[in-house]
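J.:
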Amino acid sequence: MLRNSYLHMTGIGKGAEKNIWDFGINSWDEAIEQLDSLPVSQTKKKAISVGVDESESHLKEKDHCYFAQSLPSAEHWRAYSEFSKDVAFVDIETTGLAPGQDTITVVGIYNREKARTYVQGIDLDEIVDEFSKYKMLITFNGARFDLPFIKREFPEINFDQLHIDLMYPLKRIGYCGGLKKIEREMGIVRGDNIKEVDGWEAVRLWHRYKRGDEAALDTLLEYNREDIVNLETIIEKVYCDLIQNCKCKKK
Numbered sequence: 001m002l003r004n005s006y007l008h009m010t011g012i013g014k015g016a017e018k019n020i021w022d023f024g025i026n027s028w029d030e031a032i033e034q035l036d037s038l039p040v041s042q043t044k045k046k047a048i049s050v051g052v053d054e055s056e057s058h059l060k061e062k063d064h065c066y067f068a069q070s071l072p073s074a075e076h077w078r079a080y081s082e083f084s085k086d087v088a089f090v091d092i093e094t095t096g097l098a099p100g101q102d103t104i105t106v107v108g109i110y111n112r113e114k115a116r117t118y119v120q121g122i123d124l125d126e127i128v129d130e131f132s133k134y135k136m137l138i139t140f141n142g143a144r145f146d147l148p149f150i151k152r153e154f155p156e157i158n159f160d161q162l163h164i165d166l167m168y169p170l171k172r173i174g175y176c177g178g179l180k181k182i183e184r185e186m187g188i189v190r191g192d193n194i195k196e197v198d199g200w201e202a203v204r205l206w207h208r209y210k211r212g213d214e215a216a217l218d219t220l221l222e223y224n225r226e227d228i229v230n231l232e233t234i235i236e237k238v239y240c241d242l243i244q245n246c247k248c249k250k251k
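Just so we're aligned: 42 in full-length UniProt numbering is position 42 of the sequence shown, and the numbers increase by one with no gaps anywhere.
(1) Pull up the distance between the alpha-carbon of residue 151 and that of residue 103, whole angstroms please.
(2) Let me know the alpha helix (DSSP H) ranges lying completely inside the region 37 to 109, each 4 residues or longer, listed in chain order.
(3) Would you kindly work out how many angstroms separate the C-alpha atoms of residue 184 and residue 49, rounded to a whole number?
(4) Please state whether DSSP places residue 164 in a helix, a strand or coil.
(5) Once DSSP output is grouped into helix, strand and coil, what is the label at residue 138?
(6) Report the residue from 231, 233, 197, 238 whose alpha carbon sits nearest the alpha carbon of residue 221.
(7) Contact check, residue 209 vs residue 217 under 8 Å by CB: the rounded distance?
(8) CA-CA distance, residue 121 and residue 105?
(9) Between residue 56 and residue 28, which are expected to be in contact by the criterion C-beta below 8 Å, what is the C-beta distance as a whole number of angstroms?
(10) Can you give the Cα-Cα distance for residue 136 and residue 115, rounded to whole angstroms?
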């Protein structure tokens with residue numbers, strides 16, 4: 001989808017982009033090949049010519065920062081295919097909902113090969129180096145919750161990655177509500193011992209662990225691991241639907 005996106009180019013808005021798609025263009029290469037015929041102004045044709053050249057150059061270098069800064073944040077999902085090998089699926093657990101008052105208990109990071117859970121009082125500070133390895137982050141409600149919480153406790157982390165907060169693109173294709181509700185609608189089944197665990201139970205599990213219940217921590221970590229692994233399942237299920245919805249919606 002990124003290779004047929006133009007919103008990140010100077011002077012190109014949703015209307016012009018939709019005109020290009022409706023004209024039958026399916027890639028930057030096709031846009032350049034048919035540049036003179038595109039149903040946009042001469043000024044926009046020049047912007048597309050320059051923009052495609054810049055985009056190809058930055059994409060060749062896997063320069064995620066260029067696209068993170070130039071693509072509207074709500075459209076970062078378009079870069080998923082191109083940066084999916086450098087992605088981290090992220091979810092946190094906390095002692096409550098108030099940054100500054102509550103603290104992070106667990107950070108889960110899944111890179112498609114391994115799911116790691118970092119725990120307060122054990123190895124939580126290792127997330128600073130871990131986040132620097134990735135060009136794209138995928139969360140659910142992470143723009144409002146997970147990433148601000150992490151940034152408050154670890155201000156040295158530079159979140160310069162592309163960030164797909166799945167909650168918002170999912171709404172575009174009819175999936176509303178919390179992550180567990182959406183999982184059920186998609187037929188994603190959790191393990192029997194954690195299928196009833198939710199955010200508030202995660203808080204209680206942490207307090208049980210702090211009182212000496214090691215099994216409670218095991219359950220909490222399993223719950224967090226399923227959160228991050230299921231994010232991959234979800235985006236793989238809906239990515240084609242997101243593209244179709246984007247191209248078919250009205251200007």
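Glycine included, each C-beta is placed from N, C-alpha and C at the ideal position.
T.: Let me spell this out:
(1) 12 Å
(2) 42 to 60, 64 to 70, 80 to 83
(3) 45 Å
(4) strand
(5) strand
(6) 197
(7) 4 Å
(8) 8 Å
(9) 7 Å
(10) 16 Å
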